[in-house]
Amino acid sequence: MCTAGVAQTGSAAFAACPLELAVYGDAENAGEIDFRPTGGSAVVTNTFKMVLDNGVVLDGIVMWTEGVARPRGSLMYKCPTGDVTGDELAACTLWEGVVYSADDNGNIALLPAEGADAPKTLIFPDLGPSLQMSAAYGANGFSKVPWDVFSLTGCQE
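Each number in our numbering comes from the position in the sequence shown (counting from 1) with 42 added on.
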(Lines of atoms letter the chains of each structure in order from A and count residues from 1; the text may use other names and numbers.)
(Lines give C-alpha, C1' and ligand atoms only; values in the text may rest on other atoms or scores of the structure.)
Protein backbone atom coordinates (compact mmCIF):
# COMPACT_ATOMS: atom_id res chain seq x y z
CA MET A 1 0.00 0.00 0.00
CA CYS A 2 0.99 3.62 -0.40
CA THR A 3 3.07 4.84 2.52
CA ALA A 4 5.19 7.60 1.01
CA GLY A 5 5.06 10.74 3.13
CA VAL A 6 3.35 8.94 6.00
CA ALA A 7 4.64 8.89 9.57
CA GLN A 8 4.21 5.40 11.03
CA THR A 9 6.07 5.30 14.31
CA GLY A 10 3.43 4.09 16.75
CA SER A 11 -0.05 5.11 17.85
CA ALA A 12 1.19 7.77 20.27
CA ALA A 13 3.07 9.53 17.47
CA PHE A 14 -0.11 10.21 15.49
CA ALA A 15 -2.64 10.31 18.32
CA ALA A 16 -3.40 13.96 17.52
CA CYS A 17 -3.38 13.49 13.75
CA PRO A 18 -6.11 15.58 12.11
CA LEU A 19 -8.64 13.41 10.30
CA GLU A 20 -7.89 15.00 6.92
CA LEU A 21 -4.32 13.64 7.11
CA ALA A 22 -5.10 10.22 8.61
CA VAL A 23 -4.20 6.89 7.03
CA TYR A 24 -6.10 3.70 7.90
CA GLY A 25 -5.62 0.03 7.05
CA ASP A 26 -7.74 -3.09 7.43
CA ALA A 27 -6.71 -6.25 9.32
CA GLU A 28 -5.79 -8.22 6.18
CA ASN A 29 -3.89 -5.39 4.44
CA ALA A 30 -6.39 -5.58 1.58
CA GLY A 31 -7.21 -1.88 1.65
CA GLU A 32 -5.86 1.46 2.79
CA ILE A 33 -7.75 4.69 3.32
CA ASP A 34 -5.94 8.00 2.83
CA PHE A 35 -7.90 11.06 3.92
CA ARG A 36 -7.33 14.40 2.17
CA PRO A 37 -8.45 17.96 2.84
CA THR A 38 -11.82 18.69 1.21
CA GLY A 39 -10.74 22.05 -0.12
CA GLY A 40 -13.48 24.16 1.45
CA SER A 41 -16.52 22.30 0.13
CA ALA A 42 -19.79 23.45 1.66
CA VAL A 43 -21.38 20.00 1.28
CA VAL A 44 -18.58 17.40 1.47
CA THR A 45 -17.21 17.07 5.02
CA ASN A 46 -14.52 14.45 4.33
CA THR A 47 -12.61 13.32 1.24
CA PHE A 48 -10.51 10.16 0.95
CA LYS A 49 -9.06 7.57 -1.40
CA MET A 50 -9.36 3.84 -0.81
CA VAL A 51 -6.37 2.04 -2.29
CA LEU A 52 -6.91 -1.63 -3.13
CA ASP A 53 -4.66 -4.20 -4.81
CA ASN A 54 -3.89 -4.24 -8.55
CA GLY A 55 -3.73 -0.44 -8.63
CA VAL A 56 -7.45 0.07 -8.02
CA VAL A 57 -8.20 3.40 -6.32
CA LEU A 58 -11.71 4.32 -5.19
CA ASP A 59 -12.74 7.93 -4.61
CA GLY A 60 -14.51 8.51 -1.31
CA ILE A 61 -16.56 11.38 0.06
CA VAL A 62 -18.65 11.93 3.17
CA MET A 63 -21.61 14.30 3.34
CA TRP A 64 -23.80 14.80 6.39
CA THR A 65 -27.47 14.08 5.78
CA GLU A 66 -30.21 16.56 6.60
CA GLY A 67 -32.86 15.84 9.23
CA VAL A 68 -31.32 13.09 11.34
CA ALA A 69 -27.69 14.04 10.78
CA ARG A 70 -25.45 11.14 9.76
CA PRO A 71 -22.11 11.06 7.93
CA ARG A 72 -23.14 9.35 4.68
CA GLY A 73 -20.14 7.96 2.84
CA SER A 74 -19.84 7.00 -0.81
CA LEU A 75 -17.09 5.08 -2.59
CA MET A 76 -16.92 5.54 -6.35
CA TYR A 77 -14.88 3.98 -9.13
CA LYS A 78 -14.17 5.57 -12.50
CA CYS A 79 -17.03 8.07 -12.31
CA PRO A 80 -17.42 10.47 -15.21
CA THR A 81 -16.44 14.06 -14.50
CA GLY A 82 -18.33 17.24 -15.16
CA ASP A 83 -22.11 17.45 -15.36
CA VAL A 84 -23.26 13.90 -14.56
CA THR A 85 -26.73 12.47 -14.08
CA GLY A 86 -27.94 10.66 -10.99
CA ASP A 87 -28.01 7.41 -12.97
CA GLU A 88 -24.38 7.87 -14.05
CA LEU A 89 -23.35 8.55 -10.47
CA ALA A 90 -25.29 5.53 -9.19
CA ALA A 91 -23.63 3.30 -11.79
CA CYS A 92 -20.11 4.15 -10.57
CA THR A 93 -20.90 4.10 -6.83
CA LEU A 94 -19.70 0.84 -5.25
CA TRP A 95 -20.67 1.47 -1.63
CA GLU A 96 -22.83 3.90 0.33
CA GLY A 97 -23.51 4.00 4.04
CA VAL A 98 -23.02 5.69 7.36
CA VAL A 99 -19.37 5.84 8.47
CA TYR A 100 -18.81 5.12 12.16
CA SER A 101 -15.77 5.54 14.38
CA ALA A 102 -14.67 3.72 17.52
CA ASP A 103 -12.23 4.54 20.30
CA ASP A 104 -9.92 2.24 22.28
CA ASN A 105 -12.74 1.47 24.73
CA GLY A 106 -15.11 0.32 22.00
CA ASN A 107 -17.33 3.38 22.16
CA ILE A 108 -19.02 3.86 18.78
CA ALA A 109 -19.59 7.36 17.36
CA LEU A 110 -20.23 9.01 14.02
CA LEU A 111 -17.29 10.03 11.82
CA PRO A 112 -16.37 13.63 12.63
CA ALA A 113 -15.77 16.28 9.97
CA GLU A 114 -12.20 17.20 9.13
CA GLY A 115 -10.37 19.32 11.67
CA ALA A 116 -11.10 16.82 14.45
CA ASP A 117 -8.51 14.34 15.71
CA ALA A 118 -8.53 11.12 13.69
CA PRO A 119 -10.49 8.33 15.40
CA LYS A 120 -8.59 5.12 16.21
CA THR A 121 -10.99 2.95 14.19
CA LEU A 122 -13.41 3.45 11.30
CA ILE A 123 -16.33 1.17 10.47
CA PHE A 124 -17.84 0.98 6.97
CA PRO A 125 -20.86 -1.35 7.41
CA ASP A 126 -21.21 -3.98 4.65
CA LEU A 127 -18.22 -2.60 2.75
CA GLY A 128 -16.68 -6.00 1.97
CA PRO A 129 -19.81 -7.62 0.51
CA SER A 130 -20.66 -4.48 -1.49
CA LEU A 131 -17.20 -4.30 -3.03
CA GLN A 132 -17.14 -8.02 -3.79
CA MET A 133 -20.41 -7.68 -5.75
CA SER A 134 -19.11 -4.69 -7.74
CA ALA A 135 -17.87 -4.64 -11.33
CA ALA A 136 -14.45 -3.48 -10.06
CA TYR A 137 -13.87 -6.84 -8.33
CA GLY A 138 -12.34 -9.75 -10.21
CA ALA A 139 -10.04 -10.38 -13.14
CA ASN A 140 -9.91 -6.76 -14.35
CA GLY A 141 -10.00 -5.09 -10.94
CA PHE A 142 -9.04 -5.77 -7.35
CA SER A 143 -8.80 -9.31 -5.97
CA LYS A 144 -8.56 -8.77 -2.19
CA VAL A 145 -11.68 -7.62 -0.35
CA PRO A 146 -11.06 -5.38 2.68
CA TRP A 147 -12.83 -5.78 5.99
CA ASP A 148 -15.44 -3.30 7.15
CA VAL A 149 -13.14 -2.14 9.99
CA PHE A 150 -10.06 0.05 9.47
CA SER A 151 -7.49 1.03 12.11
CA LEU A 152 -5.43 4.21 12.21
CA THR A 153 -1.97 3.33 10.88
CA GLY A 154 -0.35 6.68 10.17
CA CYS A 155 -0.55 10.39 9.60
CA GLN A 156 0.47 12.07 6.35
CA GLU A 157 3.15 14.70 6.71
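Glycine included, each C-beta is placed from N, C-alpha and C at the ideal position.
Item to check | Whether residue 173 touches residue 191 by CB criterion (8 Å) | outcome: no
Next on the checklist: Could you give the first and the last residue of the continuous beta strand (DSSP E) run that contains residue 173?
Outcome noted: Counting along the chain, residue 173 falls outside any beta strand (DSSP E), though it belongs to the alpha helix (DSSP H) covering 169-174.
Next on the checklist: Starting from residue 115, trace the beta strand (DSSP E) in both directions and tell me its first and last residue.
Outcome noted: 113-118
Next on the checklist: Considering only their Cβ atoms, is the gap separating residue 164 from residue 141 smaller than 8 Å?
Outcome noted: yes
Checklist entry - So which of 182, 153 and 68 has the shortest CA-CA distance to residue 170? => result 68
Checklist entry - For residue 91, which beta-bridge partners are listed by DSSP? => result 76 and 101
Checklist entry - Taking the alpha-carbon positions, what's the residue 95 to residue 66 distance? => result 15 Å
Checklist entry - residue 129 lies in the alpha helix (DSSP H); which residues open and close that run? => result 128-134
Next on the checklist: Three Cβ pairs or more, each shorter than 8 Å: is that satisfied between the segment 126-135 and the segment 149-165?
Outcome noted: no
Checklist entry - For residue 196, does the count of other Cβ atoms within 10 angstroms reach 16, so buried, or fall short, so exposed? => result buried
Checklist entry - Based on the DSSP secondary-structure assignment, which residues constitute the bridge partners of residue 157? => result Residue 157 pairs with nothing; no bridge assigned.
Item to check | Residue from 136, 159 and 135 with nearest C-alpha to residue 145 | outcome: 159
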